[in-house]
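Enquirer:
There are 2 protein chains.
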Amino acid sequence: MEGVASLSISLDEYREEKKRVVDRALDGYLPEQGGMSSEILGAMRYSLFAGGKRLRPILCMASAEALGGSAEIVLPAACALEMIHTYSLIHDDLPAMDDDDYRRGKPTNHKMFGEGIAILAGDALLTEAFYLLSMTHPRVSPETGLTVIREIATAAGFQGMVGGQVADLRAEGEAVDMERVRFIHTHKTQALITVSIRAGALLAGGGSDDLDALSAYGDKVGLAFQIADDLLNVESSRAVLGKDVGSDKGRGKATYPALIGIDRSRTEMRRLVEGALADIDRFDKKAEPLRLIARFMAERKS
Amino acid sequence: MEGVASLSISLDEYREEKKRVVDRALDGYLPEQGGMSSEILGAMRYSLFAGGKRLRPILCMASAEALGGSAEIVLPAACALEMIHTYSLIHDDLPAMDDDDYRRGKPTNHKMFGEGIAILAGDALLTEAFYLLSMTHPRVSPETGLTVIREIATAAGFQGMVGGQVADLRAEGEAVDMERVRFIHTHKTQALITVSIRAGALLAGGGSDDLDALSAYGDKVGLAFQIADDLLNVESSRAVLGKDVGSDKGRGKATYPALIGIDRSRTEMRRLVEGALADIDRFDKKAEPLRLIARFMAERKS
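In order, the protein sequence lines correspond to chains S and X. For the first sequence, my numbering begins at 1 and goes up steadily by one. For the second sequence, my numbering begins at 303 and goes up steadily by one.
Set out below in structure tokens:
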């Protein structure tokens, strides 16, 4: 595995390389298996390998590399973050939540395996994430390992991602204001993205100045990513996005475009990306992948 | 908090004292709160304080005390184990799983808060458990903290508790044999009970001989506990147990009494309790609470 991305690398090449590394690692952590575990493992792997962009693991590795750390050391944590993200998608898609039949053009987990198994596959992925997080690299101090677990649990729990999903669930069909939409986005999406970046930095031995700068970057990139998602949901065709176009709006979902319109949403997203780039201004060329990812947010097509 | 239980303490007194300590700690870890988190916290607290026996935390503390450790040091881990147990009950009760309307005489979580919130309350409790596990006591080494997280994640995940629930879900309405029933019991119930005892011993600095003896004890007590549960389900009245009598059998649930009858189940349970007592024979009087708990299994009334 390459330690540091060269300056001339393109974002596509960087993402492809990292995605391959993550996919291989996930496959190794949760290999197919016969016997009593085969069904639940099959359901876990179905969603884990359903075409995710691996944004959180890539950000985690890029953050470590920006501080001169190696992607290899943070790989278990990076994969854990992808498992937590995947579990949240499986549970969000359930009939009792967003009730989605398709995700990335494929039937959702509960459509494939039934609701009971889908709930358990999510539970198992969340649990497995913490198993992986407990497997710190020999070059990482156990104290740092525990700090990363504490931060990720906070970002994923009722004060973070789960809290955002509760607010999202309650917002359906209700008139929501900007404050509520921001709450949902910062909790449901931004929290896990920011902690992915912080985890990479912590495991790479970053100091508090580095952590502060990368957290500020992460908060902005995380929010920009969600606004881009909102915009794509309004604009894209089902063929590109793999789910019903405008399905968010159709159910009165809380989104930026619904509240402030497409143009202002796009302006806000660009402002966040510029701010994120400024946050990591003082980092050297090893932070180039983080810069490319931030710029990519403003141009997302899927 | 008392460090070591005196010889003359009764099991009721011991359990009451420990239950009080655990309840107070859980209340402190997840205090009621206003604002956006109040709803999900309310749902988490509803099931957490719905009258649980706190068996897993009590076993965790009793195990630490058996090795001369203090219950205080293992309290966060003990509470984390209760949160994991509670999350599993909330999810097991869902319509897509066992579809139970009552638990301990009270409406189940999804009956009170709706399915969406019940799923999220379970997710949040599981996540919060790992947050608590990351908060190791200053007198516990971070390495040991990570080991406990790794063991608990393994016992709770697809190779443990979740795996048992998958097998249980699949067993409904099917003809199941003894091998399958044993798989369900050892995974769904025994794994978390054994790891509760192991966590207490690890955090108290137990050596591998201690760990082996306590694991053997835990495996037997955990299985005896589940057989007692099966027997109670057949025999008890709804008033005592708080759920529909014979509801397990009614849905063709895999149980010991259904397969080998009440008398042989009771004999097997007693054999396990005797074996558990023999496993910890060499421990001194500090292990007395563990002995009382083992004997209690054979006499459970609720």
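Virtual Cβ for every residue (Gly too), placed ideally from N, Cα, C. A quick note: this is a predicted structure, and the numbers were derived from the prediction, not measured.
Are any of the Cβ atoms in chain S nearer than 8 Å to that of Val323 of chain X?
Expert: Taking the first residue of the second sequence as position 1, residue 323 of chain X is located at position 21. For Val323 of chain X, the answer is no, since every Cβ of chain S falls outside 8 Å of its Cβ.
Enquirer: List the residues of chain X that Ala191 of chain S touches, going by C-beta distances under 7 Å, in chain order.
Expert: Here residue 191 of chain S corresponds to residue number 191 of the first sequence, with the count starting at 1. Simply none; closest approach about 12 Å.
Enquirer: Would Gly250 of chain S be called buried (16 or more neighbouring beta carbons within 10 Å of its own) or exposed?
Expert: Translated into the one-based positions of the first sequence, residue 250 of chain S becomes position 250. Residue confidence is low: Gly250 of chain S scores 46 on pLDDT, short of 50, so the model does not pin down where it sits. Its coordinate-derived value is still stated next. By the 10 Å Cβ count, Gly250 of chain S comes out exposed.
Enquirer: Identify the contact partners of Leu169 of chain S in chain X, using a Cβ-Cβ distance below 8 Å as the criterion.
Expert: For the purposes of this step, residue 169 of chain S is taken as residue 169 along the first sequence, with counting starting at 1. The answer, in chain order, is Gly418, Ile419, Leu422.
Enquirer: Exposed or buried, what is Ser63 of chain S when buried is set at 16 or more other beta-carbons lying within 10 Å of its beta-carbon?
Expert: Position 63 of the first sequence, counted from the start, is the residue given in the question as residue 63 of chain S. Looking at its Cβ environment, which holds 16 or more other Cβ atoms inside 10 Å, Ser63 of chain S is buried.
Enquirer: Which of the residues in the segment 374-405 of chain X, read from start to end, lie with their CB under 7 Å from any CB of chain S?
Expert: Hits within the stretch, in order: His393, Leu396, Ala398, Met399.
Enquirer: What is the rounded straight-line gap between the Cα of Ser265 of chain S and the Cα of Leu259 of chain S?
Expert: Locating residue 265 of chain S in the first sequence gives position 265, where the first residue counts as 1. Locating residue 259 of chain S in the first sequence gives position 259, where the first residue counts as 1. Those two C-alpha atoms are separated by around 9 Å.
Enquirer: Cβ of Thr189 of chain S within 8 Å of Cβ of Gln165 of chain S?
Expert: Sequence index remark: in the first sequence, residue 189 of chain S carries index 189 (1-based). Sequence index remark: in the first sequence, residue 165 of chain S carries index 165 (1-based). It is not a contact, given that the beta carbons lie outside the stated cut-off.
Enquirer: Cβ of Leu126 of chain S within 8 Å of Cβ of Ile152 of chain S?
Expert: Your numbering for residue 126 of chain S matches position 126 in the first sequence. Your numbering for residue 152 of chain S matches position 152 in the first sequence. Not closer than 8 Å, so no.
Enquirer: Residues in the same chain with beta-carbon distance under 7 Å from Glu319 of chain X, minus the five sequence neighbours each way, listed in chain order, please.
Expert: Residue mapping note: residue 319 of chain X aligns to position 17 of the second sequence, counting from 1. Answer for Glu319 of chain X: no residue qualifies.
Enquirer: Which residues in chain X have a C-beta closer than 7 Å to the C-beta of Tyr131 of chain S? List them in chain order.
Expert: Counting from 1 along the first sequence, the entry for residue 131 of chain S is found at position 131. Arg452, Ala455, Thr456, Gly459, listed in chain order.
Enquirer: Note down, in chain order, every chain X residue with its Cβ under 9 Å from the Cβ of Pro142 of chain S.
Expert: Residue mapping note: residue 142 of chain S aligns to position 142 of the first sequence, counting from 1. Those are Ser443, Pro444, Glu445, Thr446, Gly447, Leu448, listed as they occur along chain X.
Enquirer: Between Asp521 of chain X and Gly68 of chain S, what straight-line distance do the alpha-carbon atoms span, to the nearest angstrom?
Expert: As a first step, residue 521 of chain X must be located in the second sequence, where it is residue number 219. As a first step, residue 68 of chain S must be located in the first sequence, where it is residue number 68. The alpha-carbon atoms of Asp521 of chain X and Gly68 of chain S are separated by roughly 46 Å.
Enquirer: Which of the residues in the segment 23-38 of chain S, read from start to end, lie with their CB under 7 Å from any CB of chain X?
Expert: So the list reads Met36, Ser37, given in the order they occur along the chain.
Enquirer: Using a Cβ-Cβ distance under 8 Å, would Asp528 of chain X count as near chain S?
Expert: Within the second sequence, residue 528 of chain X is the residue found at index 226, counting from 1. One detail in the question is off: residue 528 of chain X reads as Gln in this sequence, not Asp. By this cut-off, Gln528 of chain X is not an interface position.
Enquirer: Are Leu169 of chain S and Met97 of chain S closer than 8 Å when you measure CB to CB?
Expert: Position 169 of the first sequence, counted from the start, is the residue given in the question as residue 169 of chain S. Position 97 of the first sequence, counted from the start, is the residue given in the question as residue 97 of chain S. Result yes, Cβ atoms of Leu169 of chain S and Met97 of chain S sit closer than 8 Å.
Enquirer: State the Cα-Cα distance for the pair Leu448 of chain X and Cys381 of chain X, rounded to the nearest angstrom.
Expert: Indexing the second sequence from 1 puts residue 448 of chain X at position 146. Indexing the second sequence from 1 puts residue 381 of chain X at position 79. The straight-line gap from Cα to Cα measures roughly 17 Å.
Enquirer: What does Gly173 of chain S touch in chain X if you count any residue whose Cβ is under 9 Å from its own?
Expert: On the first sequence, residue 173 of chain S is found 173 positions in, with the first residue counted as 1. Near Gly173 of chain S there are no residues of chain X at all, since even the closest Cβ is about 13 Å away, more than 9 Å.
Enquirer: Using a cut-off of 8 Å between C-beta atoms, extract the partners of Glu128 of chain S located in chain X.
Expert: Residue mapping note: residue 128 of chain S aligns to position 128 of the first sequence, counting from 1. The contacting residues are Ala455, Gly459, Phe460.
Enquirer: Check this for me: beta carbons of Gly163 of chain S and Met414 of chain X, under 8 Å apart or not?
Expert: For the purposes of this step, residue 163 of chain S is taken as residue 163 along the first sequence, with counting starting at 1. For the purposes of this step, residue 414 of chain X is taken as residue 112 along the second sequence, with counting starting at 1. Their beta carbons are not under 8 Å apart, which means Gly163 of chain S does not touch Met414 of chain X by this criterion.
Enquirer: Between the segment 497-506 of chain X and the segment 43-59 of chain S, can you find at least three pairs of beta-carbon atoms closer than 8 Å?
Expert: No: the two stretches stay apart, fewer than three of their Cβ pairs being nearer than 8 Å.
Enquirer: Going by other Cβ atoms of all chains shown within 10 Å of its Cβ, with 16 needed for buried, is Asp425 of chain X buried or exposed?
Expert: Along the second sequence, one-based indexing puts residue 425 of chain X at 123. Buried, since its Cβ has 16 or more Cβ neighbours within 10 Å.
Enquirer: If I measure Cβ to Cβ from Glu268 of chain S and keep anything under 8 Å in the same chain, skipping five residues before and after, which residues do I get?
Expert: For the purposes of this step, residue 268 of chain S is identified with residue 268 of the first sequence, where counting begins at 1. Closer than 8 Å at Cβ, skipping near neighbours: Ile227, Tyr256, Ile260.
Enquirer: Do the segment 87-106 of chain S and the segment 23-34 of chain S meet, that is, are 3 or more Cβ pairs less than 8 Å apart?
Expert: As far as the Cβ criterion goes, the segment 87-106 of chain S does not touch the segment 23-34 of chain S, which means the pair count is below three.
Enquirer: Give the residues of chain S in contact with Leu343 of chain X, contact being defined as C-beta atoms less than 7 Å apart.
Expert: To locate residue 343 of chain X, count along the second sequence from 1; it is residue 41. Chain S residues near Leu343 of chain X: Phe158.
Enquirer: Give me the Cα-Cα distance between Thr186 of chain S and Gly200 of chain S, rounded to the nearest whole angstrom.
Expert: The residue given as residue 186 of chain S occupies position 186 in the first sequence. The residue given as residue 200 of chain S occupies position 200 in the first sequence. Straight-line Cα distance between these residues: approximately 20 Å.
Enquirer: Can you check which of these residues, S:Asn109, S:Leu30, S:Val74, is closest to Ser88 of chain S by C-alpha distance?
Expert: Mapped onto the first sequence, residue 88 of chain S falls at position 88. Ranking the options by Cα distance to Ser88 of chain S, first place goes to S:Asn109.
Enquirer: Roughly how far, in whole angstroms, is the beta-carbon of Leu223 of chain S from the beta-carbon of Leu290 of chain S, given that I think they are within contact range, below 8 Å?
Expert: Taking the first residue of the first sequence as position 1, residue 223 of chain S is located at position 223. Taking the first residue of the first sequence as position 1, residue 290 of chain S is located at position 290. Actually they are not in contact, since the Cβ atoms of Leu223 of chain S and Leu290 of chain S sit about 16 Å apart, beyond 8 Å.
Enquirer: If you follow the alpha helix (DSSP H) that Glu384 of chain X is part of, which residue opens it and which one closes it?
Expert: Numbered from its first residue, the second sequence carries residue 384 of chain X at position 82. Note, Glu384 of chain X: alpha helix (DSSP H), 373-394.
Enquirer: Within 8 Å of any Cβ in chain S, is that where the Cβ of Gly507 of chain X sits?
Expert: As a position in the second sequence, residue 507 of chain X is number 205, starting the count at 1. Cβ-Cβ to chain S under 8 Å: no for Gly507 of chain X.
Enquirer: Where are the alpha helix (DSSP H) runs, 4 residues long or more, that stay fully inside the segment 14-75 of chain S, in chain order?
Expert: Counting only runs of 4 or more, we get 38-48, 55-66.
Enquirer: What number of angstroms, rounded off, separates the C-alpha of Ser498 of chain X from the C-alpha of Val442 of chain X?
Expert: The sequence position of residue 498 of chain X within the second sequence is 196, counting from 1. The sequence position of residue 442 of chain X within the second sequence is 140, counting from 1. So the alpha carbons of these two residues sit roughly 16 Å apart.
Enquirer: At 8 Å on the CB atoms, spell out the chain X contacts of Thr136 of chain S, in chain order.
Expert: Taking the first residue of the first sequence as 1, we reach residue 136 of chain S at position 136. Simply Leu448.
Enquirer: Of the residues X:Phe598, X:Gln461, X:Ile311, X:Arg406, which one's Cα is nearest the Cα of Pro31 of chain S?
Expert: For the purposes of this step, residue 31 of chain S is taken as residue 31 along the first sequence, with counting starting at 1. Among X:Phe598, X:Gln461, X:Ile311, X:Arg406, the Cα nearest to that of Pro31 of chain S is on X:Gln461.
Enquirer: Kindly list the residues whose CB is nearer than 7 Å to the CB of Gln335 of chain X, restricted to its own chain and excluding five residues on each side of it in sequence; keep chain order.
Expert: By 1-based counting over the second sequence, the position of residue 335 of chain X is 33. Same-chain partners within the cutoff: Leu343.
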